[in-house]
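Asks: To convert, take the position in the sequence shown, counting from 1, and add 37; that gives the working numbering. Glycine included, C-beta positions come from ideal geometry on N, C-alpha and C.
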Amino acid sequence: MTPTEYEYLRKFLRDHSGLDLSADKQYLIESRLLPLARKAGLSGITELVQKLQGLGSRALATSVVEAMTTNETFFFRDKVPFDHFRDTIMPEVLKARAGRRSLRIWCAAGSTGQEPYSLAMCLKEMGAVLTGWRVEIIATDLSQEVLEKAKAGIYSQFEVQRGLPIQMLVKHFKQIGETWQINPELRAMIQHRQLNLLHDFAQLGTFDVIFCRNVLIYFDQDTKINIFNRLARQIEADGFLVLGAAETVVGLTDAFRPIAERRGLYKPNDGRVAAGRPALAGAAPRMAAIAGL
């Protein structure tokens, strides 16, 4: 790969997915894209770049972006955010929404479904408390392929062993051969949609809770700021934003404030960013974990 080709691919990935690769990640692109090029019948990176620069390469462009993402996720990942959900978020939401009895949650990096299904299990475990409530969980992702897996709700033995308590496995899953499928009742709680965080997401409406974990760490600072400010316009004034352990709004935006002694948990500030600010251009939703960064 020539320096010119690497710079083209860095810009391509940044524009299409938000992924901000440093100058020393050439090895990562080569390891991910050489197999893709050969599978597509191309001689190597040079011909791949030529195809991307040509017309009618949308399918190839999608494959390139997806090849650079690793959908690293598992049930109840990091545990703490789900403790916050049960112990801090839901008690407040139940009290604040008692009049309208409705709840909207957005998983902005839903991947293969483990996070939204973990939230659905948390809600199911609350039992009669939510009787009569209308609950919506919207899960979005960059990859249509992983969204299809999430919709099916079928996981390997290895996947259900990662973070999922055995009592929840027995209660909420059905074994199918060597795999496990989450129950239809829980699958029906999730709406899976393909979405680009770099694009306008106002059409999703407003939410009481937004989970946007382990995705913004791969964006440059300006992109993070833009997305935080737009998230602030999609969250209720008394809602909650949940970020990953390595992510923060501090020093980037005053649209949210951290909640003391609740790592990764934020509330919107009064006087949030004005709704007229333009959205960032780009092309691709969720940025899954990037291996090796």
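1. Rounded to whole angstroms, what's the CA-CA distance from Leu50 to Met105? Just pull it up for me.
2. Using DSSP bridges, identify the partner residues of Gln218.
3. Taking the beta strand (DSSP E) that Ser139 falls in, what are its first and last residues?
4. On the three-pair Cβ rule with 8 Å, is the segment 277-287 touching the segment 246-265?
5. Span of the alpha helix (DSSP H) holding Thr41?
6. Leu302 by DSSP, collapsed to three states: which one?
7. Can you tell me whether His236 is helix, strand or coil according to DSSP?
8. Which residues mark the beginning and the end of the beta strand (DSSP E) in which Glu173 is found?
9. Ordered along the chain, which non-local residues of its own chain (more than five positions away) have a Cβ less than 8 Å from that of Arg69?
10. Since Ile66 and Leu85 should fall inside the 8 Å C-beta cutoff, what is the C-beta to C-beta distance between them, to a whole number of angstroms?
11. Determine the burial state of Val246: buried for a count of at least 16 other Cβ atoms within 10 Å of its Cβ, exposed for fewer.
12. Taking all protein chains shown into account, decide if Gln240 is buried (16 or more other Cβ within 10 angstroms of its Cβ) or exposed.
13. Can a CB atom of chain D be found closer than 8 Å to the CB of Lys62?
14. With burial defined as no fewer than 16 other Cβ atoms inside 10 Å of the residue's Cβ, what is the status of Glu152: buried or exposed?
15. Kindly give me the distance between the Cβ atoms of Leu201 and Phe256, rounded to whole angstroms, as I take these residues to be in contact under 8 Å.
16. State the Cα-Cα distance for the pair Pro40 and Thr83, rounded to the nearest angstrom.
17. Residue range of the beta strand (DSSP E) that Glu84 falls in?
18. Let me make sure I understand the geometry here. Which of Ala96, Ala292, Val287 and Asp178 has the alpha-carbon closest to that of Asn266?
19. How close, in whole Å, do the beta carbons of Ala157 and Met226 come, if the pair is a contact with beta carbons under 8 Å?
20. Would you tell me roughly how many angstroms separate the C-alpha atoms of Lys76 and Gly169, rounded to the nearest one?
Replies: In short:
1. Rounded to the nearest angstrom, the two C-alpha atoms are 9 Å apart.
2. Ile191 and Lys211
3. Going by DSSP, Ser139 is part of the beta strand (DSSP E) stretching over Ser139 to Cys144.
4. yes
5. Pro40 to Ser54
6. strand
7. coil
8. Arg171 to Asp178
9. Only Ala104 and Met105 meet the Cβ criterion.
10. Their Cβ separation, rounded to whole angstroms, is 10 Å, which puts Ile66 and Leu85 out of contact at 8 Å.
11. It is buried - the Cβ of Val246 has at least 16 other Cβ atoms within 10 Å.
12. exposed
13. Absent from the structure: chain D. Only one protein chain is present.
14. It counts as buried.
15. Contact doesn't hold; Cβ gap of about 29 Å is too wide.
16. 11 Å
17. From DSSP, Glu84 is part of no beta strand (DSSP E) but of the alpha helix (DSSP H) over Ile82 to Gln90.
18. Ala292
19. 5 Å
20. 51 Å
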